[in-house]
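Peer 1: The structure's right below; bear with me while I get my questions together.
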Amino acid sequence: MTLVGLTRVVGQNIWRNSTSLSISAIGIAAGIALFGLFLALVEQVRNVVEGDIVPIDQVEVIPLSSDLQRLAGSLFGEDTFGLSDDDVRTISRIPGVVEVLPRMNYKFSGVSYGGKALVGSEIRVETIADGIPPEQVAEELINPPVPFEDRRPLQSNRRCRFDTDCPRGEYCEVRFDGPPAPELADTDPLTIRRYRACALPVPTLLSRYLLEFYNTVFAPGHGYVQLNEGLLRVAEKELQFTTRLGDSFMGPQVVRWRQRNVRMQITGVSEKSMDLGVTFPIEYVRDWNDEYAGTKGAARYSSVSVRAASKEDVSDVIRLVREKGFDIKSRIAEQVSSMVEVLGIILLIISLIVITIAGFNIMHTFLMLVLERRREIGLFRAIGATRANIRNVFLLEAAFIGLLSGVLGLLLAYSSSLVFDTMLITQVPQFPYKPATFFDFRPWIVATAIGFAVVFTVVGAFLPSLRAARLDPVRALQ
Amino acid sequence: MALIEIRDLTKEYRLANLVTPVLERVGFSVDEGEFLSIIGPSGSGKTTLLNLLGGLDREYTGSLKIADKEMKALSDRRISTLRNRTIGFIFQSFHLLEHLTCVENVMLPYFFAGRPTKEAQARAHELLGKVGVADKAEVRPIYISGGQKQRVAIARALIMQPKLLLCDEPTGNLDRETGAQIVDLFRELNKDLGVTVLVVTHDERLSRVAPRILRLADRRIEDTRTAAEDRVPDVSSTSSVPPAGGADA
Ligand SMILES: Nc1ncnc2c1ncn2[C@@H]1O[C@H](COP(=O)(O)OP(=O)(O)OP(=O)(O)O)[C@@H](O)[C@H]1O
Ligand SMILES: [Mg+2]
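Protein chains in written order, with the working numbering: chain R, 1 to 478; chain F, 1 to 249.
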């Protein structure tokens, strides 16, 4: 039988039974629409999570948290908890690692306030911060208002009473002599000298995430001005804030008189800054830790950010890091990804159930068609159709229906994605990393959806087509 | 050479425990270019015999050869090719597809032959002209009369230029006048194209025009040719066939 002939017979059949076929095609189309929509949704969520929120090629190495180690540390009066310079070197030599960034956490508390000049009202927040080697972000910052570096060697340290006593760009800072704050108990407060000297504000980095969070949640909620990276570059004076070292909303950590104010200068946004906090040059954090948490907190890094050569290398890097005796901080990206994956699987199962039901519907329709076309099948056999010809007529018909319903389903999915996007953009308030679209119809999704539609329809029509092929021509003609 | 060669052919239907014997050890042969009518009372097995000859029913014992091929030994592919090329079927109820035009109906066997459709179209139109319904080519069969339908069906049966035309009561659904025209058409085809024609009929007139008659009764076949060979040639015996049950008015 020629393909032209087959296609013609099939085309005429589809045309003739268009009503019953389109009813069963709608089932497949609906299933495929769900299928495509869900896949596109999961794909887009993954894009956002892995692309913007946390780069998937990064891991954070932390010390192996064993209680024994901590115990040993406290026994020998020295905190061995944390990562040493040697550890950082070991990690940087692991194959697949292209960049290591040691980080040092704040080991004390602080309260920051400021922002009146910029957003119109004073913001007070508990300070969450860490420090990183400033030279490792130098090239990332384009044209910052002040360079991200330890600026203390440049400052005048001139004695002062007010900011106006200081050279341009400096402010009048309170300083203390004497032991670190935690060791004040056996010290006579009167022996501790308090004085003021001019200092340059501390360069501070924001994370992209924090900026996004501020812009989408915080600022709209409070009616504050939104910030962007360009604004951050020009508004130098307005981008200063003050941190009271040793203070805390949870109750002061250090006696009130030993707390002091330090001025900070936001100087840019960086991938390397901590997500929900600010990041300073590591030298400042080391000295503040000395001053407010004691010397033993100061020597070691709290973690090392490691960037792998590529996404594919990450799992090898993680394995090698663990082999070397370190641990990996569980990653938000991974947690969100696996949640998305589970959600995606559930949604896919739902759509597959719908498609399967539609497949049974196809089977039913085709069984009816075989019954309806009994005499025609008998006639075809009488004029020379083989069993295979008869089967192929039905299968090709099914494949056609599958193709049509696949395309229809995808159109349905795409148009509903537009509706959902408009609804989500207009009805749902802004949230961090809210994307412009929630769906990403990749070519592979389109191909898979159409493939599934065809396969399920053909599989559904298979049994009926066999039954048609096996019809006894004599009985069929009666 | 004999186109049809039957020896010791036995056919019975088995439905669960019920066995219906229809033909018992019958035998005859038909040469190319013959014109035969098959008569017999209702239920005598005329349709059964035709289905066997056409390869639609291949459950039999004995031997049944068409164009020297044993029917039950052929694969589905080969028997389909035989039905497509060598045999043409004509049914009492026409079996035209109503969603196709007349010319498309006539072309149908070509689809299963794997030949170019351009050639099919030309031949279909030519045949519709030959059977006298050229003007109905682009019309769907629901809009034409019974006689015209049967003409279209005949054109369809002829399009692959078969050697053998098997007709099961082709005039059964037609009035006398139209039936007579169809009968004439068969005679013409037989004479002009040399097609071997086997017609199952209740129509006396149709059976009378046939030079040879197979009469089925009691699982046996009475053949006028062998009868004529056995006895003194007696042409009038064919016309004295009693009207079979359910004969046309
Ligand atoms: N598919 C079948 N299964 C079982 N028995 C059948 C079948 N077809 C026919 N028969 C039986 O075989 C016998 C012959 O039937 P057939 O249709 O060949 O007769 P016929 O001569 O064509 O009759 P009519 O003149 O009424 O068309 C009948 O007794 C019939 O009941
Ligand atoms: Mg009959």
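For each residue, glycine too, the CB sits at the ideal point set by N, CA and C.
How is residue 12 of chain F classed by DSSP in three states: helix, strand or coil?
Peer 2: To locate residue 12 of chain F, count along the second sequence from 1; it is residue 12. Residue 12 of chain F: strand per DSSP, three-state reduction.
Peer 1: Are the C-beta atoms of residue 109 of chain F and some chain R residue less than 8 Å apart?
Peer 2: Residue mapping note: residue 109 of chain F aligns to position 109 of the second sequence, counting from 1. Yes, its Cβ sits closer than 8 Å to a Cβ of chain R.
Peer 1: In the DSSP output, which residue or residues are listed as bridge partners for residue 184 of chain F?
Peer 2: The residue labelled residue 184 of chain F in the question sits at position 184 within the second sequence. Paired residue(s): none; residue 184 of chain F is not in a bridge.
Peer 1: For residue 200 of chain R, count neighbouring Cβ atoms within 10 angstroms of its own Cβ and tell me buried if that reaches 16, exposed if not.
Peer 2: On the first sequence, residue 200 of chain R is found 200 positions in, with the first residue counted as 1. With 16 or more Cβ atoms within 10 Å of its Cβ, residue 200 of chain R is classed as buried.
Peer 1: Quick check: what's the CA-CA separation for residue 173 of chain R versus residue 302 of chain R?
Peer 2: Walking along the first sequence from the start, residue 173 of chain R turns up at place 173. Walking along the first sequence from the start, residue 302 of chain R turns up at place 302. Approximately 28 Å, taken between the alpha carbons.
Peer 1: Should residue 71 of chain F go down as buried or exposed, given a rule of 16 or more other Cβ atoms within 10 Å for buried?
Peer 2: For this step, residue 71 of chain F is matched to residue 71 along the second sequence. Looking at its Cβ environment, which holds 16 or more other Cβ atoms inside 10 Å, residue 71 of chain F is buried.
Peer 1: Using only alpha-carbon positions, find the residue among F:1, F:6 and F:33 that is nearest to residue 212 of chain F.
Peer 2: Position 212 of the second sequence, counted from the first residue, corresponds to residue 212 of chain F. The residue with the shortest Cα to Cα distance from residue 212 of chain F is F:33.
Peer 1: Distance cutoff 8 Å, beta carbons only. Does residue 123 of chain F sit that close to anything in chain R?
Peer 2: As a first step, residue 123 of chain F is located in the second sequence; it is residue number 123 there, counting from the start. By this cut-off, residue 123 of chain F is not an interface position.
Peer 1: Which same chain residues end up closer than 6 Å to residue 102 of chain R when comparing Cβ atoms and leaving out the 5 residues on each side of it in sequence?
Peer 2: Position 102 of the first sequence, counted from the first residue, corresponds to residue 102 of chain R. Contacts found: 88, 301 and 304.
Peer 1: Could you run through the segment 35 to 56 of chain F and flag, in chain order, every residue whose CB is less than 8 Å away from some CB of chain R?
Peer 2: Answer set for the segment 35 to 56 of chain F: 51, 54 and 56.
Peer 1: At the level of alpha carbons, what is the spacing between residue 77 of chain R and residue 253 of chain R?
Peer 2: For the purposes of this step, residue 77 of chain R is taken as residue 77 along the first sequence, with counting starting at 1. For the purposes of this step, residue 253 of chain R is taken as residue 253 along the first sequence, with counting starting at 1. Because residue 77 of chain R sits at a pLDDT of 48, beneath the cut-off of 50, its placement in the model cannot be relied upon, and the following sentence gives the value as read from the coordinates. The alpha-carbon atoms of residue 77 of chain R and residue 253 of chain R are separated by roughly 22 Å.
Peer 1: Touching or not, the segment 315 to 325 of chain R and the segment 240 to 249 of chain R, by the rule of three or more beta carbon pairs under 8 Å?
Peer 2: No: fewer than three Cβ pairs fall under 8 Å.
Peer 1: Can you pull the DSSP bridge partners for residue 104 of chain R?
Peer 2: Within the first sequence, residue 104 of chain R is the residue found at index 104, counting from 1. According to DSSP, which records beta bridges pairwise, residue 104 of chain R is partnered with R:131.
Peer 1: Find the residues of chain F that neighbour residue 5 of chain R, judging by a C-beta separation of less than 8 Å, and give them in chain order.
Peer 2: One-based indexing of the first sequence puts residue 5 of chain R at position 5. Those are 110, 111, 112, 114 and 117, listed as they occur along chain F.
Peer 1: Does the distance from the C-beta atom of residue 38 of chain F to that of residue 198 of chain F stay below 8 Å?
Peer 2: Reading the second sequence from its first residue, position 38 is the one you call residue 38 of chain F. Reading the second sequence from its first residue, position 198 is the one you call residue 198 of chain F. In contact: residue 38 of chain F and residue 198 of chain F (Cβ atoms closer than 8 Å).
Peer 1: Below 8 Å on the Cβ atoms is my contact criterion, and I expect residue 6 of chain F with residue 63 of chain F to pass it. Report the Cβ-Cβ distance as a whole number of Å.
Peer 2: Translated into positions along the second sequence, residue 6 of chain F becomes position 6. Translated into positions along the second sequence, residue 63 of chain F becomes position 63. Confirmed, Cβ separation roughly 7 Å.
Peer 1: Answer with yes or no whether the minimum CB distance from residue 379 of chain R to chain F is below 8 Å.
Peer 2: Against the first sequence, residue 379 of chain R aligns to sequence position 379. True, the Cβ-Cβ gap to chain F drops below 8 Å.
Peer 1: The segment 378 to 398 of chain R: which residues have C-beta closer than 9 Å to a C-beta of chain F, in chain order?
Peer 2: Listed by position, the residues of the segment 378 to 398 of chain R near chain F (Cβ gap below 9 Å) are 378, 379, 380, 381, 382, 383, 384, 385, 386, 387, 388 and 389.
Peer 1: What does the Cβ neighbour count give for residue 310 of chain R, buried or exposed, with the cut at 16 atoms within 10 Å?
Peer 2: Here residue 310 of chain R refers to the residue found at position 310 when the first sequence is read from its first residue. Looking at its Cβ environment, which holds fewer than 16 other Cβ atoms inside 10 Å, residue 310 of chain R is exposed.
Peer 1: Does the separation of the CB atoms of residue 125 of chain R and residue 202 of chain R fall below 8 Å?
Peer 2: The residue given as residue 125 of chain R occupies position 125 in the first sequence. The residue given as residue 202 of chain R occupies position 202 in the first sequence. Going by C-beta atoms, residue 125 of chain R is not nearer than 8 Å to residue 202 of chain R.
Peer 1: In three-state terms, what does DSSP make of residue 441 of chain R?
Peer 2: As a first step, residue 441 of chain R must be located in the first sequence, where it is residue number 441. The answer is coil: DSSP assigns residue 441 of chain R none of H, G, I, E or B.
Peer 1: So the candidates are R:320, R:133 and R:293; which of them puts its Cα closest to the Cα of residue 94 of chain R?
Peer 2: Position 94 of the first sequence holds residue 94 of chain R. Among R:320, R:133 and R:293, the Cα nearest to that of residue 94 of chain R is on R:320.
Peer 1: Run the CB neighbour count on residue 118 of chain F, radius 10 Å, all protein chains shown included, and call it buried at 16 or more, exposed below.
Peer 2: Working through the second sequence from its first residue, we reach residue 118 of chain F at position 118. By the neighbour-count rule (16 or more Cβ atoms within 10 Å), residue 118 of chain F is not buried but exposed.
Peer 1: Three-state secondary structure (DSSP) at residue 368 of chain R?
Peer 2: Taking the first sequence and counting its residues from 1, the one referred to as residue 368 of chain R is at position 368. Residue 368 of chain R: helix per DSSP, three-state reduction.
Peer 1: Taking the Cβ atom as the reference point for each residue, do residue 384 of chain R and residue 80 of chain F lie within a distance shorter than 8 Å?
Peer 2: Position 384 of the first sequence, counting from 1, holds the residue named residue 384 of chain R. Position 80 of the second sequence, counting from 1, holds the residue named residue 80 of chain F. For residue 384 of chain R and residue 80 of chain F, yes; Cβs fall inside 8 Å.
Peer 1: Nearest to residue 41 of chain R by CA position, among R:455, R:442 and R:469, is which residue?
Peer 2: Residue numbering aside, residue 41 of chain R sits at position 41 when the first sequence is read from its first letter. Selected option, being the one with the closest Cα: R:442.
Peer 1: Let me make sure I understand the geometry here. Which of R:323, R:112, R:198 and R:178 has the alpha-carbon closest to that of residue 241 of chain R?
Peer 2: For this step, residue 241 of chain R is matched to residue 241 along the first sequence. The shortest C-alpha separation from residue 241 of chain R is found at R:112.
Peer 1: Does residue 71 of chain F come out as helix, strand or coil in the three-state DSSP assignment?
Peer 2: As a first step, residue 71 of chain F is located in the second sequence; it is residue number 71 there, counting from the start. Note: residue 71 of chain F maps to helix in three-state DSSP.
Peer 1: Under the three-state reduction of DSSP, which class applies to residue 77 of chain R: helix, strand or coil?
Peer 2: Residue 77 of chain R sits at position 77 when you count from the first residue of the first sequence. Confidence is the limiting factor: at residue 77 of chain R the pLDDT is only 48, short of 50, which leaves the residue's position unreliable and the question unanswerable from this model.
Peer 1: Hey, out of R:285, R:154 and R:117, whose CA is closest to residue 107 of chain R's CA?
Peer 2: Taking the first residue of the first sequence as position 1, residue 107 of chain R is located at position 107. With distances taken between Cα atoms, residue 107 of chain R lies closest to R:285.
Peer 1: Per DSSP, what are the beta-bridge partners of residue 265 of chain R in this structure?
Peer 2: One-based indexing of the first sequence puts residue 265 of chain R at position 265. In the DSSP output, where bridge partners are listed per residue, residue 265 of chain R has R:203 and R:240.
Peer 1: Check whether the segment 125 to 140 of chain R and the segment 275 to 284 of chain R touch, using three or more Cβ-Cβ pairs below 8 Å as the test.
Peer 2: With a cut-off of 8 Å, the segment 275 to 284 of chain R and the segment 125 to 140 of chain R count as touching, because enough Cβ pairs lie within range.
Peer 1: Can you give me the Cβ contacts of residue 404 of chain R inside the same chain, cut-off strictly under 7 Å, excluding the 5 residues immediately before and after it?
Peer 2: In the first sequence, counting from the first residue as 1, residue 404 of chain R sits at position 404. Cβ within range, chain order: 25.
Peer 1: Going along the chain, which residues of its own chain have a beta-carbon closer than 6 Å to the beta-carbon of residue 112 of chain F, five neighbours each way excluded?
Peer 2: Looking up residue 112 of chain F in the second sequence gives position 112. For residue 112 of chain F, where only same-chain residues beyond five positions count, the Cβ hits under 6 Å are 84.
Peer 1: As a quick exercise: from R:391, R:440 and R:218, pick the residue whose alpha carbon is nearest that of residue 45 of chain R.
Peer 2: If you number the first sequence from 1, residue 45 of chain R lands on position 45. Minimum Cα distance to residue 45 of chain R is reached at R:440.
Peer 1: Pull out every residue of the segment 66 to 80 of chain F whose Cβ sits closer than 7 Å to any Cβ of chain B, in chain order.
Peer 2: Protein chains R and F are contained in the structure displayed, whereas chain B is not.
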